[in-house]
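Okay, structure first, notes after.
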Amino acid sequence: MNRGALIVLILLLTLCPVSAKQDPFSYPMSTVILDAGHGGRDPGASASYSFTDGVVNESDLVLDITKRVFALLSIEQPSLNLVMTRLDDTYISLAERSKIAYTTALAPQSSPLFVSIHINSAQSREATGFEVLTKRQEKRVTFLDEHTPIQNIPLFAPFSALELNRLLNQRNLFVAKTFEDVLSSGMNTSRNRGIKERDLYVLNASRIPSVLLELGFLSNEDEARNITSPAWRQQVAFAIAKAVISCM
Ligand SMILES: [Zn+2]
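All residue numbers for the sequence shown refer to the numbering used here, where the first residue is -2 and numbers rise by one.
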């Protein structure tokens, strides 16, 4: 080790004493990024039924649910910093959504969560139920680079990349299980399709604990009836807000 590297190491050890080495994802949650899938030129899934007013798009339905979650959490947990990746029907790339997640500055000793909200569609009109998607464990994440907000560096600096990936996977599994449990009781009319590990851009690139929810199938007529009902969307939003609070 050369003299320069040794000085940097001593400085890092001084700034980050061993006692400060706490799992960054075990701190109380301060920030929730709410991501309404699709939008603008990307409508996501779409369908048209006798009971709908023309074509209905996933992008509009998930924006409505996400706004409801935002409103519920604002009332229930006013101290949470809530960030929506989009507020209206505009297109945002997957890279931009993920960047919002990993560039949001966190309060000292606090942890974040990214929740992406989607509605499913399938070739088979018989497919039903909700599912909770989580990052594949073997997919490695980078935590520290030129985009990391300066406020967030102390959370990650004491750990190796390997340790951080292990801690992120551990937290992701807890988050996925919590969402599955809370949604299965809060959406008791929907079939629970379980937790699935998926290689999805926003889960891989958000660099923070994250979950992607597929809340039901627009391609199934019975579920489409639910999804297009504001009362059902409010019930689902309530379950999602409750799941977020259960992760705090
Ligand atoms: Zn979608």
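We put the CB at the ideal spot given by N, CA and C, even for glycine.
Just reading off the alpha helix (DSSP H) that residue i is part of, what are its end residues?
i: D219; result: 218 to 224
i: A98; result: 91 to 100
i: F235; result: 227 to 244
i: P151; result: 150 to 153
Could you check which residue in the options has the C-alpha nearest to that of residue i?
i: Q231; options: L141, L212, D142, T131; result: L212
i: A119; options: A221, T225, V233; result: A221
i: T125; options: A173, D219, S23; result: D219
i: I242; options: P75, F153, D61, N217; result: P75
i: R190; options: I114, E128, F48; result: E128
i: D20; options: L159, E177, A202, I192; result: L159
i: A98; options: A92, V233, F22, S203; result: S203
i: R83; options: S181, G34, V233, L141; result: G34
i: L130; options: N166, T225, T145; result: N166
i: E177; options: A236, N217, F111, D85; result: A236
i: K18; options: V179, L152, N162, K174; result: L152
i: I224; options: S23, T87, S43; result: S43
i: R144; options: K96, V179, D85; result: The amino acid at residue 144 is misidentified as Arg; the sequence shows His. Minimum Cα distance to H144 is reached at K96.
i: T87; options: D32, S121, T100, L180; result: D32
i: S257; options: P146, T175, R137; result: Residue 257 is absent from the structure shown; the chain starts at -2 and stops at 245.
i: P227; options: T63, M26, E73; result: T63
i: K239; options: D85, P146, F140, S71; result: S71
i: S113; options: S27, L91, T49, I150; result: L91
i: A234; options: P155, V52, E73, F22; result: E73
i: I205; options: T49, S47, P146; result: P146
i: S27; options: D85, F111, I89, G36; result: F111
i: I89; options: G41, R122, L180; result: G41
i: R195; options: S23, S121, E135; result: E135
i: L141; options: R122, L161, E123; result: L161
i: T101; options: I150, R122, V53; result: I150
i: L23; options: V179, L180, R163; result: Leu is not the amino acid found at residue 23; the sequence shown has Ser there. Checking every option, the nearest Cα to that of S23 belongs to R163.
Tell me the residue span of the beta strand (DSSP E) that contains residue i.
i: L130; result: 127 to 132
i: F111; result: 108 to 117
Verify the CB distance criterion: does residue i have a CB-CB separation below 8 Å to chain B?
i: L200; result: The chain labelled as chain B is not found in the depicted structure, where only one protein chain is given.
Rounded to the nearest angstrom, how far is the Cβ of residue i from that of residue j, given a contact under 8 Å?
i: I116; j: L215; result: 5 Å
i: K132; j: S207; result: 7 Å
i: V199; j: R94; result: 6 Å
i: Q148; j: L209; result: The pair is not a contact, with the Cβ atoms about 26 Å apart (cut-off 8 Å).
i: N201; j: R122; result: Not a contact, Cβ separation roughly 31 Å.
Practice item. Mind listing, in chain order, the continuous beta strand (DSSP E) runs of no fewer than 3 residues lying wholly within the segment 43 to 79? Key: 43 to 45, 52 to 54
Practice item. Give a yes or no on contact between the segment 74 to 85 and the segment 172 to 190, applying the rule of three or more CB pairs nearer than 8 Å. Key: no
**Study point:** Runs of alpha helix (DSSP H) wholly within the segment 165 to 217 (minimum 4 residues, chain order)
**Key:** 198 to 202
Exercise for review: Kindly confirm or deny that the segment 105 to 112 and the segment 40 to 57 touch, where touching means at least three C-beta pairs closer than 8 Å.
Suggested key: no
Practice item. Run through the segment 19 to 44 for me and flag every whole beta strand (DSSP E) of 3 or more residues, listed as ranges in chain order. Key: 26 to 33
Check your understanding: How do the segment 65 to 74 and the segment 156 to 170 stand: do at least 3 beta-carbon pairs fall below 8 Å, yes or no?
Key -> no
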